[in-house]
Amino acid sequence: MKLAKLIKYKNFFFSFAIGLITFVAISILILYITAPKIPLLGFHGIIDLEKPDQVFVQGTAFQEMAYNKQDLEPVLDYLLQNNYWFLSTQELYDYFLTKSQPLPAEKIGKRPIMLSFDDGYKTDYVNLLPLLESLEKKYNQKVKVVLFINPGTLATKESIASTKLGCPEIREGLQKGFYDIQSHGLTHKNLAKIDPKTLTIELAEAQTQLKQCTADLDPNREVGTHIAYPYGSANKQVEAAAAKYYKSGYLYNSKFFNHCWLKNRYQISRLTVNREKSPQSVIEMAQKSHQVKRDRC
Ligand SMILES: [Zn+2]
192 MKLAKLIKYK NFFFSFAIGL ITFVAISILI LYITAPKIPL LGFHGIIDLE
242 KPDQVFVQGT AFQEMAYNKQ DLEPVLDYLL QNNYWFLSTQ ELYDYFLTKS
292 QPLPAEKIGK RPIMLSFDDG YKTDYVNLLP LLESLEKKYN QKVKVVLFIN
342 PGTLATKESI ASTKLGCPEI REGLQKGFYD IQSHGLTHKN LAKIDPKTLT
392 IELAEAQTQL KQCTADLDPN REVGTHIAYP YGSANKQVEA AAAKYYKSGY
442 LYNSKFFNHC WLKNRYQISR LTVNREKSPQ SVIEMAQKSH QVKRDRC
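Under the working numbering, the first residue of the sequence shown is numbered 192, with each subsequent residue one higher.
Shown next as structure tokens:
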């Protein structure tokens, strides 16, 4: 009799424990899924379909990763008409990664998003900048874009036909208030596959050269203080080395950035955007953003 009672209690305890664990696991999953997200969109080059003869839009890699200007425009129209906040890397750091600054009152209720463009293509200047300028005239609002650049591959006066930006073009976009200039390593090496000495050069020299190009236009010293790892490739060693020079590190892993659950600011997720993504699907990514509240999480 006693044994039967004991077995009954044991069974009850196990059922209760399993029920409790399931409940906690489902609750955590729901909290994670519904946590506020910030879409950090990762573009590369921009193609203007009305100018098919542009010499700097050649190459399979460029074409595969690029996005059409004519598809980007309706996306930006939507964002400008729907109260989005175009984050710089420093704003993401101050307001969402470290929460070291109180949210400005005028940002409450806005939907944060980041538009980033990797590799420093000439098209950031020739095709993207004029679009941003015309949208500013239309909406009286600036769209801030983050350019993750490899200063070791910039165009020089000698390489005038280069597919990459030159320092004067970077300076112009920065001076006009559209560009947030950040690092993508010196020469686009896979940082997880190089020796420690080369890794240090790729990280440190990229920062030095970006600052050399822009120092007089950057009173707050924000240029080259954040990095996007080339190919989104990083490991513990890369993150530790990056932390010596940069405040945060961006991946390229097609995941939404979830600041409330982020443990490591050198593993910031970005979403891939290329020509396989229709304007509507990019708008749907943007719609995952949330209206910022004072407590942020
Ligand atoms: Zn890249």
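For glycine and all other residues, C-beta sits at the position ideal for the given N, C-alpha and C.
Requested in this report: Quick one: which unbroken beta strand (DSSP E) runs of 3-plus residues sit fully inside the stretch 292-374? Chain order, please.
Outcome: 302-309, 336-340, 370-374
Query raised in the report: Since PHE447 and LYS479 are thought to touch, with beta carbons under 8 Å apart, how far apart are those beta carbons, to the nearest angstrom?
Result: 6 Å
Requested in this report: Whole angstroms is fine: what's the gap from ASP262's alpha carbon to HIS450's?
Outcome: 28 Å
Query - Beta-ladder partner(s) of TYR258, from DSSP - result: ILE237
Query raised in the report: Which whole-angstrom value is the C-beta distance of ALA383 and SER307, which I expect to be below 8 Å?
Result: About 20 Å separates the two Cβ atoms, so there is no contact after all.
Query - Heavy atoms of ligand 1 versus C-beta positions, residues under 5 Å - result: ASP309, ASP310, PRO421
Query raised in the report: According to DSSP, is ALA419 helix, strand or coil?
Result: strand
Requested in this report: Identify the continuous beta strand (DSSP E) that holds SER469 and give its terminal residues.
Outcome: Segment: none, SER469 is in no beta strand (DSSP E) and carries neither H nor E.
Requested in this report: Count the C-beta pairs between the stretch 360-367 and the stretch 437-445 that are closer than 8 Å, then say yes if the count reaches three, no if not.
Outcome: no
Query raised in the report: Thinking just about the alpha-carbon of each residue, which of LEU394, GLY236, TYR200 is nearest to the one in THR463?
Result: GLY236
Report task. May I have the straight-line CA-CA distance separating GLY233 from SER291, to the nearest angstrom? Result -> 25 Å
Query - Member of LYS355, TYR275, LEU377 whose CA lies at the smallest distance from the CA of VAL317 - result: LYS355
Query raised in the report: Of the choices THR289, ASP309, ASP268, whose alpha-carbon is the least far from that of PRO421?
Result: ASP309
Query - Close Cβ partners of ASP239 (< 6 Å) along its chain, the five nearest in sequence each way excluded - result: LYS260, ASN318
Query raised in the report: Helix, strand or coil: which one does DSSP assign to LEU390?
Result: helix
Query raised in the report: By Cβ distance below 6 Å, which residues in the same chain neighbour LYS301 in space, the five residues on each side in sequence not counted?
Result: ASN274, TRP276, VAL483
Report task. Take LYS335 and list the residues in its own chain whose beta-carbon comes closer than 7 Å to its own, dropping the five residues that flank it on each side. Result -> PHE277, SER279, PHE369, ASP371
Query - Residues that DSSP places opposite SER480 in a beta bridge - result: LYS228
Query - Neighbourhood of ALA346 by C-beta, 6 Å cutoff - its chain only, sequence neighbours within 5 removed - result: SER353, LYS355, GLY357
**Report entry** Rounded straight-line distance, which links the Cα of PRO293 to that of CYS488
**Finding:** 13 Å
Report task. Using only alpha-carbon positions, find the residue among HIS375, ILE392, VAL248 that is nearest to TYR443. Result -> HIS375
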